[in-house]
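Q: Those protein sequences? They're chains A and B, same order as listed.
Here the working numbering is used: position 120 in the first sequence is 120, and no number is missing along the way.
Position in the second sequence counted from 1, then plus 1000, gives you the working numbering.
There are 2 protein chains.
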Amino acid sequence: MPRRPPPLTVTCPALLVGGSDGAFRALINNLMRMAEQLLALRSRLAAELGVTGPQFGLFLAIAQLAGEDGVSVVGVARHQGVTGAFVTAEAGKLVGRGLLEKRDSPVDRRGVLLSLSAKGRRLLESAGPAIQARNDTMFGTLSAREFRMLDRLVRRLVAGGERALADLRTTRH
Amino acid sequence: MPRRPPPLTVTCPALLVGGSDGAFRALINNLMRMAEQLLALRSRLAAELGVTGPQFGLFLAIAQLAGEDGVSVVGVARHQGVTGAFVTAEAGKLVGRGLLEKRDSPVDRRGVLLSLSAKGRRLLESAGPAIQARNDTMFGTLSAREFRMLDRLVRRLVAGGERALADLRTTRH
DNA sequence: GCGATTAGCTAAGTTACTTAGCTATTGAAG
DNA sequence: CTTCAATAGCTAAGTAACTTAGCTAATCGC
Chain A
1 MPRRPPPLTV
11 TCPALLVGGS
21 DGAFRALINN
31 LMRMAEQLLA
41 LRSRLAAELG
51 VTGPQFGLFL
61 AIAQLAGEDG
71 VSVVGVARHQ
81 GVTGAFVTAE
91 AGKLVGRGLL
101 EKRDSPVDRR
111 GVLLSLSAKG
121 RRLLESAGPA
131 IQARNDTMFG
141 TLSAREFRML
151 DRLVRRLVAG
161 GERALADLRT
171 TRH
Chain B
1001 MPRRPPPLTV
1011 TCPALLVGGS
1021 DGAFRALINN
1031 LMRMAEQLLA
1041 LRSRLAAELG
1051 VTGPQFGLFL
1061 AIAQLAGEDG
1071 VSVVGVARHQ
1081 GVTGAFVTAE
1091 AGKLVGRGLL
1101 EKRDSPVDRR
1111 GVLLSLSAKG
1121 RRLLESAGPA
1131 IQARNDTMFG
1141 TLSAREFRML
1151 DRLVRRLVAG
1161 GERALADLRT
1171 TRH
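#1: Can you list, in chain order, the residues of the stretch 4-34 of chain A whose Cβ is nearer than 7 angstroms to any Cβ on chain B?
#2: Check A:Arg163 in the structure and name its three-state DSSP category.
#3: So B:Asp1136 contacts chain A; which residues on that side make the cut at Cβ distance below 8 angstroms?
#4: The alpha helix (DSSP H) spanning A:Ser43 covers which residue range?
#5: I'd like to confirm the pairing. Which residues does DSSP put opposite B:Arg1103 in its beta bridges?
#6: Would you kindly report the start and end of the unbroken alpha helix (DSSP H) that includes B:Glu1125?
#7: With DSSP as the reference, label B:Val1095 as helix, strand or coil.
#8: Which stretch, first to last residue, makes up the alpha helix (DSSP H) that contains A:Pro54?
#9: Which residue comes first and which comes last in the alpha helix (DSSP H) that contains B:Ala1077?
#10: Are the CB atoms of A:Leu113 and A:Phe59 nearer to each other than 8 angstroms?
#11: Excluding the five sequence neighbours on either side, which residues of its own chain have a C-beta within less than 6 angstroms of the C-beta of B:Gly1053, listed in chain order?
#12: Count the other C-beta atoms from every protein chain shown that fall within 10 angstroms of the C-beta of A:Glu68, then say buried if there are 16 or more, exposed otherwise.
#13: Closer than 7 angstroms between beta carbons: that is the criterion. Which residues of the stretch 140-159 of chain A meet it against chain B?
#14: How is A:His173 classed by DSSP in three states: helix, strand or coil?
#15: Kindly indicate if chain B contains any beta-carbon less than 8 angstroms away from that of A:His173.
#16: Look at the alpha carbon of A:Met34 and the alpha carbon of A:Arg109, and state the distance between them as a whole number of angstroms.
#17: Just how far apart, CA to CA, sit A:Ala40 and B:Gly1092?
#18: Any C-beta of chain B sitting closer than 8 angstroms to the C-beta of A:Arg163?
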């Protein structure tokens, strides 16, 4: 008897080539693979600096978000999509390593402000070229046009993903 | 004194808009966010079927890879980028749940062949519409042209990521 | 001024994996 | 043919990257 193929994973005609969802599945596969590569690159880079991948992520986020004053724990948590507890713990380790500074907020006595220490800033500067080299290698073949295109497409997909997640939040429960 | 901004994360001019890497960082952020959405969707879908996200991933991979005969543990492992030990363990649970079948390979006495059971095939059929709905919602706004474009760009990025990873494998030890 | 939120911390738990080490079998090279 | 390195799969133990729960203290909304 003839084998029945698995049902299609998508029905939208624009995403089916020759009636098959093969290309679509390959795309999803490649998207996940790319994400893993980005995490692996971050992790490698972080290891050279003596921190873990997630710590490096927090470190870079804090470098970005801390203005003159610093950034709150929740501020970092929201930006990174993790819980405050995780930021507390990992940022604490980085403070222990002398890469971050933590001071009490002058405007909210519950709050705390995270920022790079002098040592942290030096580390960041020294890491710059390595980060650039990785990103240039991975993304360097993109033209400005392709970059804009990709940017817009990915934004649409993120919006679509948000909708899909919202859907099944309302569907059941 | 004027604050020094963090060093750029990329130098390639095509990726800098107005001399800033802000758009580039936003892109990376969105790419990671999209990957998280895909995992979250898989996880939700899996939960409705009573399995975990990774188990569902293995299940779908086996549905794809098992031809007439089935697919080996390593075959699945390589496709999914995990170790054989993990496939052994999780597929074992799915066998226990009656969704997969495991038989000894007729050509290699070390090997086993994984395939869907009748119950597994029924589950897969029943999950089809839900999977399609999610993917259609998330990716449905793409035109065929955009889909092809995205596919090509992502392939290039994966290739770039491979190069970047290879680089730092050779650079240091 | 009082209840509901919010900030941050700590401790314990969970998930999705990996590594290490074993046995059985195979393929390939002499 | 033999042997020996590589491969398939399994089990048990370990680990990384988080989360949840529960607490205290401070602030916000009315």
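Just so you know, even glycine gets a beta-carbon here, dropped at the ideal spot from N, CA and C.
A: By the coordinates alone:
#1: Listed by position along the chain: Pro6, Pro7, Leu8, Thr9, Val10, Thr11, Cys12, Ala14, Leu15, Ala23, Leu27, Ile28, Asn30, Leu31, Met32, Arg33, Met34.
#2: Here A:Arg163 sits in helix by DSSP.
#3: Val10, Thr11, Cys12
#4: 22-49
#5: B:Leu1113
#6: 1118-1139
#7: helix
#8: 53-65
#9: 1073-1080
#10: no
#11: Arg1042, Ser1043, Ala1046
#12: exposed
#13: Gly140, Thr141, Leu142, Ser143, Ala144, Glu146, Phe147, Met149, Leu150, Asp151, Leu153, Val154, Arg155, Arg156, Leu157, Val158
#14: The pLDDT assigned to A:His173 is 46, lower than 50, so where the model puts this residue is not dependable; a value taken from the coordinates is nonetheless given after this. Coil, per DSSP.
#15: Bear in mind that a pLDDT of 46 at A:His173, under 50, signals an unreliable position, so the model cannot answer this.
#16: 42 angstroms
#17: 28 angstroms
#18: yes
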